[in-house]
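Below: the structure, in structure tokens.
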Amino acid sequence: MGQRFLDLRDLSHYYGAFPALQGVTLQLPPGRVGLLGPNGAGKSTLLKILMGLIPPSSGTGWVFDVPLADDRDPAANRRLRQLIGFMPEADALIPGLTGLEYVALAGELYGMPRAQAQRRAHEVLGFLGLEEARYRPVEGYSLGMKQRVKLAQALVHDPVVLLLDEPTSGLDPAGRDAFLRLIEELGRDHGKSVLLSTHLLADVQAVCEYVVILAGGRVRGEGTVSQLCARRHDRFRIRYQGDPQRFRQALQAKQIRLLEEADAGEFRVAVPDNWTNRRFFELALATGGVIRCLVQDDETLEELFLRLIGN
Amino acid sequence: MAMISEQLLRYRTWHGQFQQPIYASLALARVSLRMMLRRKLFWGLYALALMVFFFFFYGQYLVVWIQQQTASQTIFLGGIPVKLENLTKFLDRLHLNGTAHTYGNLIWFQGYISTVILALAGSIVIGNDFHYRSLPFYLSKPISRWHYLLGKCLGIALVVNLLTTLPALLLFLQAGLLYDWKSYYFTHLRQLVGILGYGAILTISLSLLLTATAIWVKRTIPLIMVWTGLFVLCRMLAGFLVDGQQLSPRWRLIDLWNNYYLLGLWCLDADRESIRPAAQPEFAEALLTVTIVAMICLGYLRQRIQAVEIIG
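Respectively, the protein sequence lines represent chains F and L. All the letters of the first sequence, read from the start, carry residue numbers 580 to 890 under the working numbering. All the letters of the second sequence, read from the start, carry residue numbers 795 to 1106 under the working numbering.
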């Protein structure tokens, strides 16, 4: 249909003189998007703007053609928030309520009629595997169940967009995998567009089709994981037959950065500017060996992330 | 059959219509009331409130019955003859006679019980939202902080009115049926309005005060301490200063409960000379004090409930 999940144009936000976001421009298609960034990158500020909690200092934006609006325009703000199901990082549970009451209340707060909210709460809790625990107080749930009931309250009104803030926080590896599969299923099979805000690269790699990396209030990288990681023209994977120690020394003497040495003779290297591939072969000849394989190497998402953050 | 049940477990879409946010406030009020009614500890207090109401209810009936049944008789108590006017005079001191003080005293007693309930319930209804960081749950929804506050205050208002205004209205209804209802309801219309006014004053003031103090201290014990300070210690201090030290009656303004009582009796059109204790500030001064306290609470709530804080 041509609708964009996020259409942000030169979005900026300042806390006084401090620039929390600067010139953020993104056009993202519907799908599962990972929002990566270190502390202070501007992720929280961006989420607040998308939720309509604060206005941008400048710039415009749309979420599925619904313009960003804060509470100065209550009707537009309501329309925006009804589009989004938000799963907060904080506990955000209400002691004393059962799971069913909690999710049904969420539905009513979103604006659903009471009977429909209750029926929908039953459905969503069943979908998320909490049908047997729905009549128990939420404070008695395990951590995994708490995360699922928080997801249920975000899902109860069938939003187009799911905004998940650190959704796997505190989960054990098995629980984390199960939760990530749920998120992936919601995005892949049920047409939800998911914005996953996290600092866990593995979560993004497991679930997201698209990644946006924020640092210092600016977008440092965006694209699919494979696109982002394949943009390095200065990295190579070499298989060398000969004396690996001599070859290693020769590489280092030419200011070539050794990233990884796997098996003997397997090297991942980063070359300086103006390097030519021919020089690898010259080095191999000089050290009495032979280059068996020379291919351009992708960096991992972690390496990309650290590189962008470092810059 | 297996396929059908499997389908039921899969995610389904929803295509309903959203309602206005005011319905969210009603949902909040309903949930708050449910949480307060669930606590078995409060049932004893509800029973006490019911007993107080029954005392007034049957007491008012007893006064009328005595007057009607023994109008021209002499009563013997322990063999001692007692004139009827002396007996009813004693009962009239309790103001169980369908006058302004009847309703004022009932609401005064019931209000104190509701204050105790609110002190215990404050952390459940509101304090926990801040202590357990539940606020993101509420404010991430398409409602404003004022809808959130309205919902919480409505829940408190329901409890206050169930314990004060509603029993007073039933008492008013009973008084009309005991006396000549055709004349009573019309001649005492001011009392009806007064009951609603006194109830409204208590509802608004206690809602805002409880919400503000519960958000401030969050937990039950500190809330009880603050509430005790406000409604017990201040009352004792005011009594000491005005009745003991003979200072200006304006010192009684620090007694919030007395301010509510004064305003309630003004709503009920009670005779000022009949108010006890006698040294009282002006009605306008009490109204000003109550208004200032409410505005302070509102200002604190506006500053404390910030939607932007839901994302850390």
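We treat Cβ as the ideally placed atom computed from N, Cα and C, and that holds for glycine.
Look at residue i and residue j and say whether their C-beta atoms are less than 8 Å apart.
i         : j         : result
F/Val642  : F/Leu629  : yes
F/Asp649  : F/Leu632  : yes
F/Phe815  : F/Ala863  : no
F/Arg670  : L/Arg1013 : One detail in the question is off: residue 670 of chain F reads as Asp in this sequence, not Arg. No.
F/Val892  : F/Gly821  : This structure does not reach residue 892 of chain F, given that chain F is present from 580 up to 890, and the question cannot be answered.
L/Arg1044 : L/Pro1075 : yes
L/Leu1000 : L/Ile920  : no
F/Pro634  : F/Ser772  : no
L/Gln854  : L/Leu912  : no
F/Pro598  : F/Gly796  : yes
L/Gly810  : F/Met724  : no
L/Phe836  : L/Met830  : yes
F/Leu887  : F/Val783  : no
F/Pro653  : L/Ser938  : yes
F/His592  : F/Thr624  : yes
F/Leu626  : F/Leu742  : yes
F/Gln834  : F/Pro851  : yes
L/Leu972  : L/Ile907  : no
L/Gly905  : L/Leu996  : yes
L/Trp808  : F/His736  : yes
Give the range of the alpha helix (DSSP H) segment to which residue i is assigned.
i         : result
L/Phe1077 : Phe1077 to Arg1098
F/Ser776  : Note, F/Ser776: premise wrong, no alpha helix (DSSP H); beta strand (DSSP E) at Ser772 to Thr777.
F/Phe859  : Arg857 to Ala865
L/Gly898  : Ala894 to Gly916
L/Cys1107 : Residue 1107 of chain L lies beyond the residue range present for chain L, which begins at 795 and ends at 1106; the question has no answer from this structure.
F/Gln831  : Pro823 to Ala832
L/Thr958  : No alpha helix (DSSP H) holds L/Thr958; DSSP gives it neither H nor E.
L/Gln985  : Leu983 to Val1011
L/Pro930  : Leu929 to Leu933
F/Ala685  : Gly678 to Tyr689
F/Pro752  : Pro752 to Asp768
Within 10 angstroms of its Cβ, does residue i collect 16 or more other Cβ (buried), or is it exposed?
i         : result
F/Glu839  : exposed
F/Gly686  : buried
F/Ala841  : exposed
L/Tyr932  : buried
L/Met1089 : exposed
F/Pro667  : buried
F/Ala781  : exposed
L/Ala796  : Bear in mind that the predicted position of L/Ala796 carries a pLDDT of just 40, short of 50, making it too unreliable to give a figure here.
L/Ala841  : exposed
F/Gly749  : exposed
L/Asp974  : exposed
L/Ile1086 : exposed
F/Gln828  : exposed
L/Val1011 : buried
F/Leu883  : buried
F/Asp744  : buried
L/Asp1049 : buried
F/Tyr789  : buried
L/Ile798  : Residue confidence is low: L/Ile798 scores 41 on pLDDT, short of 50, so the model does not pin down where it sits. No coordinate-derived value is stated.
L/Leu802  : In this prediction, L/Leu802 scores a pLDDT of 48, lower than 50, which makes its location untrustworthy; no coordinate-derived value is stated.
F/Lys622  : buried
F/Asp589  : exposed
F/Met580  : Annotation note: pLDDT 45 at F/Met580 (below 50); position unreliable, coordinate value reported separately. That one is exposed.
The beta strand (DSSP E) spanning residue i covers which residue range?
i        : result
F/Glu840 : Arg836 to Glu840
F/Ala664 : Here residue 664 of chain F turns out to be Gly, not Ala, going by the sequence shown. Where F/Gly664 is concerned, the enclosing beta strand (DSSP E) stretches over Ile663 to Met666.
F/Ser577 : Lying before the first or after the last residue shown, residue 577 of chain F is absent from chain F, which here runs from 580 to 890.
F/Glu745 : Element bounds for F/Glu745: n/a, residue is neither H nor E.
F/Asp586 : Leu585 to Tyr594
F/Glu702 : That residue, F/Glu702, is in no beta strand (DSSP E); its alpha helix (DSSP H) goes Arg693 to Phe706.
F/Phe597 : Phe597 to Leu607
F/Ala849 : Glu845 to Ala849
Since residue i contacts residue j with CB under 8 Å, what's their CB separation in whole angstroms?
i         : j         : result
F/Val791  : F/Leu647  : The Cβ separation is near 16 Å, so there is no contact.
F/Leu830  : F/Val848  : 6 Å
F/Tyr681  : F/Val717  : 5 Å
L/Ile1009 : L/Leu1095 : 7 Å
F/Leu779  : F/Ile762  : Not a contact, Cβ separation roughly 13 Å.
L/Pro815  : F/Arg657  : 7 Å
L/Phe1077 : L/Leu1047 : That belief does not hold up - the Cβ atoms of L/Phe1077 and L/Leu1047 are roughly 12 Å apart, past 8 Å.
F/Thr777  : F/Gly619  : The pair is not a contact, with the Cβ atoms about 15 Å apart (cut-off 8 Å).
Next on the checklist: Taking contact to mean 3 or more Cβ pairs, one atom from each stretch, closer than 8 Å, check whether the region 956-974 of chain L and the region 901-908 of chain L are in contact.
Outcome noted: yes
Checklist entry - Which residues, taken in chain order from the region 591-619 of chain F, show a beta carbon closer than 8 Å to some beta carbon of chain C? => result Judged by its chain identifiers, the structure shown contains no chain C, and its protein chains are F and L.
Checklist entry - Is the region 816-836 of chain L in contact with the region 935-950 of chain L, if contact means three or more CB pairs nearer than 8 Å? => result yes
Item to check | Validate contact between the region 976-992 of chain L and the region 1031-1045 of chain L using beta carbons, cut 8 Å, 3 pairs | outcome: no
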